[in-house]
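Colleague: Got a structure for you, written out below as structure tokens; questions coming shortly.
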Amino acid sequence: MTALLSIRDLTVIYRRDGSEVAALKDISLDIAVGERLAVIGESGSGKSTLALAIARLLPASARIDGSIDWFLRPPPTLGAKAPPSVLPDISPSRGEIALSSPPSPISKVAGEDPTAKLPISLLEGEMSGRTEGGLMERKAQKSTAKPDHTPLGGRDIGFVFQDPSASLDPVMTVGKQIAEVAHTHLGLNWPQAYAKAKTLIERVRLPDPDAALRAFPHQLSGGQKQRVAIAAAIAAGPKLLIADEATSALDTIVQAEIVALIRQLVAEDGMTLLFISHDIALAAALAERIAVFRHGGLVEIGAARQIVSAPRHAYTRSLLDAHLGLDAEPLSRQAGPSA
Amino acid sequence: MSSPLLSVSGLTKRYRRGGKTIAAVDNVSFHIEPGETLALAGPSGSGKSTIARLVLRLVQPDAGDIQFKGEDFLALGGATLRARRARLQMVFQDPLAAFNPRATVARVLDDPLRIHGIASRSERPRRIAALLERVGLSPDLAPRAIHEISGGQRQRVAIARAIATKPSLIVLDEAVSALDVSVRGQILRLLLDLQREERIAYLFISHDLGVVRAIAHRLVILDAGTIAESGDARTVIDAPQSAIGKALVVAAPKLDRTGP
Ligand SMILES: Nc1ncnc2c1ncn2[C@@H]1O[C@H](COP(=O)(O)OP(=O)(O)OP(=O)(O)O)[C@@H](O)[C@H]1O
Ligand SMILES: Nc1ncnc2c1ncn2[C@@H]1O[C@H](COP(=O)(O)OP(=O)(O)O)[C@@H](O)[C@H]1O
Ligand SMILES: [Mg+2]
Ligand SMILES: [Mg+2]
Numbered sequence: 097m098t099a100l101l102s103i104r105d106l107t108v109i110y111r112r113d114g115s116e117v118a119a120l121k122d123i124s125l126d127i128a129v130g131e132r133l134a135v136i137g138e139s140g141s142g143k144s145t146l147a148l149a150i151a152r153l154l155p156a157s158a159r160i161d162g163s164i165d166w167f168l169r170p171p172p173t174l175g176a177k178a179p180p181s182v183l184p185d186i187s188p189s190r191g192e193i194a195l196s197s198p199p200s201p202i203s204k205v206a207g208e209d210p211t212a213k214l215p216i217s218l219l220e221g222e223m224s225g226r227t228e229g230g231l232m233e234r235k236a237q238k239s240t241a242k243p244d245h246t247p248l249g250g251r252d253i254g255f256v257f258q259d260p261s262a263s264l265d266p267v268m269t270v271g272k273q274i275a276e277v278a279h280t281h282l283g284l285n286w287p288q289a290y291a292k293a294k295t296l297i298e299r300v301r302l303p304d305p306d307a308a309l310r311a312f313p314h315q316l317s318g319g320q321k322q323r324v325a326i327a328a329a330i331a332a333g334p335k336l337l338i339a340d341e342a343t344s345a346l347d348t349i350v351q352a353e354i355v356a357l358i359r360q361l362v363a364e365d366g367m368t369l370l371f372i373s374h375d376i377a378l379a380a381a382l383a384e385r386i387a388v389f390r391h392g393g394l395v396e397i398g399a400a401r402q403i404v405s406a407p408r409h410a411y412t413r414s415l416l417d418a419h420l421g422l423d424a425e426p427l428s429r430q431a432g433p434s435a
Numbered sequence: 103m104s105s106p107l108l109s110v111s112g113l114t115k116r117y118r119r120g121g122k123t124i125a126a127v128d129n130v131s132f133h134i135e136p137g138e139t140l141a142l143a144g145p146s147g148s149g150k151s152t153i154a155r156l157v158l159r160l161v162q163p164d165a166g167d168i169q170f171k172g173e174d175f176l177a178l179g180g181a182t183l184r185a186r187r188a189r190l191q192m193v194f195q196d197p198l199a200a201f202n203p204r205a206t207v208a209r210v211l212d213d214p215l216r217i218h219g220i221a222s223r224s225e226r227p228r229r230i231a232a233l234l235e236r237v238g239l240s241p242d243l244a245p246r247a248i249h250e251i252s253g254g255q256r257q258r259v260a261i262a263r264a265i266a267t268k269p270s271l272i273v274l275d276e277a278v279s280a281l282d283v284s285v286r287g288q289i290l291r292l293l294l295d296l297q298r299e300e301r302i303a304y305l306f307i308s309h310d311l312g313v314v315r316a317i318a319h320r321l322v323i324l325d326a327g328t329i330a331e332s333g334d335a336r337t338v339i340d341a342p343q344s345a346i347g348k349a350l351v352v353a354a355p356k357l358d359r360t361g362p
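Chains as they are written, first to last, in our numbering: chain A, 97 to 435; chain B, 103 to 362.
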């Protein structure tokens, strides 16, 4: 397998009110080009922290150790028209993410310049592609790397969060939000960017694309908003799509539709998928490999089939046992310890 | 047979939105027996929470009738309504939203005991400790703020609060949907224990048929405010007849644990 990125001994410690929380402890794993990898685990196990670390979106207060190496081929046509951008294409929803911090030399970029070292960057909580908030960071990075040719560019990571409302701008039309990503990262002019936005809206199968372009987020259902967030996340053609609990707030029918959509888009565009979920059945249905996290540690990683049918770790087995499928015995008939 | 604990007929609630009127709940009828769990399932927007709010009298219906313990529940007012409300409690999905996050666990449990005059001031700390133990929590948790305990602990506190007034019916709206699977299993077992021991009935709302199958006796499937089908929970889930019932079953994530 060819690695898209390689994580080694990654430790993330959050500091808050004088106390420290180790959210990730010595994590090492590779993500292969084109694979669908799921990360599962209970709340607080460090799933989102991993996603934020990969997207270089951790808050300034976080202490980071270890490395994340990317193996990206240099983009073939990063001409003068394309704006140089070293910022990942993400839509952070967390208010606590700070604007800037001392760069920590963690993220190396292999490829055109295998020795390039990029700091884990921090980006203001903003919509995909709207990177103005990251200007300072961009300057900071220019001094340490070669941003104009840096493969880990604004177009290389698409991020979809659990709450689409948090990642969409409530006062901007859906069309503008998607077009802005294409405008910023693909260097398209506005008419081209809008045309691209319409194509994307069709691709994520929003009903009545022309009306959807002009709609504001609050006029859409939760599932429709998530389709918009996905359209914005893939607008710049990212190599890696990160979906962090992207379907957890949706009802099961819409969840199944969104999962099918993600699967199709990832296949069509040859993207690599990092699918974060607490639902082991959903993860197994979508991903080729599953990584199980607990208390900030990697419990096991393996083929989805193996994790589900022959887990090596008792904790994975307990997650499987706790799944309530449509074929399970009703709890009232199961003998079991009371809560 | 005794008369149902809760009996709802012709329940209708319309909302105006963007110049149009939509029937969030449209001529819905069902009943719940004492000690029984009736599940409401259906896609988002099908009217589940609206029914919960109607049954709890948090909103007024446009039409329909609700009988609770043989009384016309919609006609009750004043002190009688307050007294009956003690018998009809609720637990929602997000326990943080339901409580002031800075309130202590003790305060959250003290409120119903005080408001419904269940225990005197001096007696209440003991009652609070007993309630915490009843839901499997340590009484040491009492002084902690709601935001300082885990999601599963908060949901146990919400259940402790609900049972404080010795209700005969608890409405649970997506009460286990936000919980980790292991914690979810514990909470569902706790609900079953309480039901067995105190004959509490549940109106259990969830879009997750796996959870419904695990806990409910009967199931009503809603679609766009109307009842698509209803019956014994396992019978309906094993062989759904309605289009929406079939769609819900197909969409439920399946886990195939057999090897390759
Ligand atoms: N206060 C309100 N004003 C206007 N429309 C409302 C109001 N409350 C609910 N509705 C509408 O009534 C319908 C039913 O909503 P309800 O909240 O009962 O759905 P639900 O089945 O609980 O959905 P979910 O699974 O998303 O919780 C929806 O179309 C909703 O938009
Ligand atoms: N911004 C933050 N500040 C302090 N602690 C945090 C922050 N974000 C997450 N944590 C803590 O880090 C741990 C891992 O959290 P997270 O990565 O969000 O887990 P998951 O996504 O698996 O639920 C938890 O203990 C959580 O409370
Ligand atoms: Mg998370
Ligand atoms: Mg609801």
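C-beta atoms are modelled at their ideal positions from N, C-alpha and C, and glycine is treated no differently. Bear in mind that the values here come from a model prediction, so they are computed numbers and not experimental data.
By DSSP's criteria, Thr114(B) is part of a beta bridge. Which residues make up the other side?
Modeller: Ala165(B)
Colleague: Does DSSP put Thr206(B) in a helix, in a strand, or in coil?
Modeller: In this structure, Thr206(B) counts as strand in the three-state DSSP scheme.
Colleague: Give me the chain A residues within the contact set of Lys356(B), using Cβ-Cβ distance strictly less than 8 Å, ordered along the chain.
Modeller: Result: Ala377, Ala381, Gly421, Leu422.
Colleague: Distance check for Arg116(B) and Asp282(B), CA to CA, integer angstroms please.
Modeller: Cα to Cα, Asp282(B) sits roughly 35 Å from Arg116(B).
Colleague: Nearest chain B C-beta to His374(A) closer than 9 Å, yes or no?
Modeller: yes
Colleague: DSSP state of Val338(B), grouped into three classes?
Modeller: helix
Colleague: Ends of the beta strand (DSSP E) at Ser131(B)?
Modeller: That run of the beta strand (DSSP E) goes 122-134.
Colleague: For Asp336(A), write down the residues that DSSP places opposite it in a beta bridge.
Modeller: Just to set this straight, residue 336(A) is Leu in the shown sequence, not Asp. Per DSSP, the beta bridge partners of Leu336(A) are Ile253(A), Thr368(A).
Colleague: Does Glu276(A) have its Cβ less than 9 Å from a Cβ in chain B?
Modeller: no
Colleague: For Tyr411(A), collect the residues of the same chain with a Cβ closer than 8 Å to its Cβ; drop the 5 residues on either side in sequence, then sort them by chain order.
Modeller: Val388, Arg390, Val395
Colleague: Are the stretch 271-290 of chain A and the stretch 357-367 of chain A in contact at 8 Å, needing three or more beta carbon pairs?
Modeller: no
Colleague: Which residue wins for smallest C-alpha separation from Ser131(B), given the options Leu271(B), Leu108(B), Ala335(B), Ile317(B)?
Modeller: Leu108(B)
Colleague: Tell me the DSSP bridge mates of Gln191(B)?
Modeller: Paired residue(s): Ile272(B).
Colleague: Please enumerate, following chain order, all residues with a beta carbon closer than 6 Å to at least one heavy atom belonging to ligand 1.
Modeller: Result (chain order): Asp347(A), Tyr117(B), Arg119(B), Ile124(B), Ala126(B), Gly144(B), Ser146(B), Gly147(B), Ser148(B), Gly149(B), Lys150(B), Ser151(B), Thr152(B), His309(B).
Colleague: Assign Ser217(A) to one of two classes, buried (16 or more other C-beta atoms within 10 Å of its C-beta) or exposed (fewer than that).
Modeller: With a pLDDT of only 36 at Ser217(A), under the threshold of 50, the placement of this residue in the model should not be trusted; the figure read from the coordinates follows. That one is buried.
Colleague: Straight-line CA distance for Arg155(B) to Phe257(A)?
Modeller: Near 30 Å, if we compare the C-alpha coordinates of Phe257(A) and Arg155(B).
Colleague: Leaving out five residues on either side along the sequence, give the residues of the same chain with a beta carbon under 8 Å from the beta carbon of Ser139(A).
Modeller: His374
Colleague: Within the present structure, is the beta-carbon of Glu138(A) separated from the nearest heavy atom of ligand 2 by less than 8 Å?
Modeller: yes
Colleague: Using the beta-carbon of each residue, which ones in chain B are nearer than 7 Å to Gly318(A)?
Modeller: Ser146
Colleague: Using 8 Å as the Cβ pair cut-off and three pairs as the minimum, do the stretch 126-141 of chain B and the stretch 248-264 of chain B touch?
Modeller: no
Colleague: DSSP has Phe170(B) in a bridge; who is on the other side?
Modeller: Leu108(B), Glu173(B)
Colleague: Taking any Cβ of chain A, which residues in the stretch 333-354 of chain B have a Cβ under 9 Å from it, in chain order?
Modeller: Ala335, Arg336, Ile339, Asp340, Ile346, Ala349, Leu350, Val351, Val352, Ala353, Ala354
Colleague: Pick from Thr295(A), Ala379(A), Phe167(A): whose alpha carbon is nearest that of Ala97(A)?
Modeller: It is Met, not Ala, that sits at residue 97(A) in the sequence shown. That would be Phe167(A), whose Cα lies nearest to the Cα of Met97(A).
Colleague: Answer yes or no: does any C-beta atom of chain B fall closer than 9 Å to that of Leu427(A)?
Modeller: yes
Colleague: Please find out if some non-hydrogen atom of ligand 3 comes closer than 8 Å to the beta-carbon of Asp196(B).
Modeller: no
Colleague: If I measure Cβ to Cβ from Val161(B) and keep anything under 7 Å in the same chain, skipping five residues before and after, which residues do I get?
Modeller: Lys115, Arg155
Colleague: For the stretch 381-415 of chain A, which residues have a beta carbon sitting closer than 7 Å to at least one beta carbon of chain B?
Modeller: Ala381, Arg401, Val404, Ser405, Ala406, Ser414, Leu415
Colleague: Output needed for Val237(B): all residues of its chain with C-beta closer than 7 Å, excluding positions within five of it in sequence on either side, in chain order.
Modeller: Arg258, Ile261, Ala262, Leu292
Colleague: Beta carbon of Asp340(A): closer than 8 Å to some heavy atom of ligand 3?
Modeller: For Asp340(A), the distance from the CB to the nearest heavy atom of ligand 3 is below 8 Å.
Colleague: Using 9 Å as the limit for Cβ to Cβ distance, is Ile272(B) near chain A?
Modeller: no
Colleague: Would you kindly report the start and end of the unbroken beta strand (DSSP E) that includes Lys356(B)?
Modeller: No beta strand (DSSP E) holds Lys356(B); DSSP gives it neither H nor E.
Colleague: Expressed to the nearest angstrom, what Euclidean distance is found between the alpha-carbon atoms of Ile186(A) and Ala328(A)?
Modeller: Bear in mind that a pLDDT of 39 at Ile186(A), under 50, signals an unreliable position, so the number given afterwards is only what the model happens to contain. C-alpha separation (whole angstroms): 9 Å.
Colleague: Are there 16 or more other CB atoms within 10 angstroms of the CB of Ile346(B), so buried, or fewer, so exposed?
Modeller: When all chains shown are included, Ile346(B) counts as buried.
Colleague: When you compare the CB positions of Ala132(A) and Leu382(A), do they come within less than 9 Å of one another, or not?
Modeller: Looking at the sequence provided, one finds Arg at residue 132(A) rather than Ala. Judged by beta-carbon spacing, Leu382(A) lies within the 9 Å limit of Arg132(A), meaning their Cβ atoms are closer than that value.
Colleague: Near Thr267(B), what residues of its chain come up, given a Cβ to Cβ distance below 6 Å and the 5 sequence neighbours on each side ignored?
Modeller: Ala188, Pro214, His218
Colleague: Please work out which residues of its chain come closer than 6 Å, Cβ to Cβ, to Leu174(A), disregarding the five sequence neighbours upstream and downstream, and give them in chain order.
Modeller: Residue placement at Leu174(A) cannot be trusted, given a pLDDT of 45 that sits under 50; the coordinates are not used to answer.
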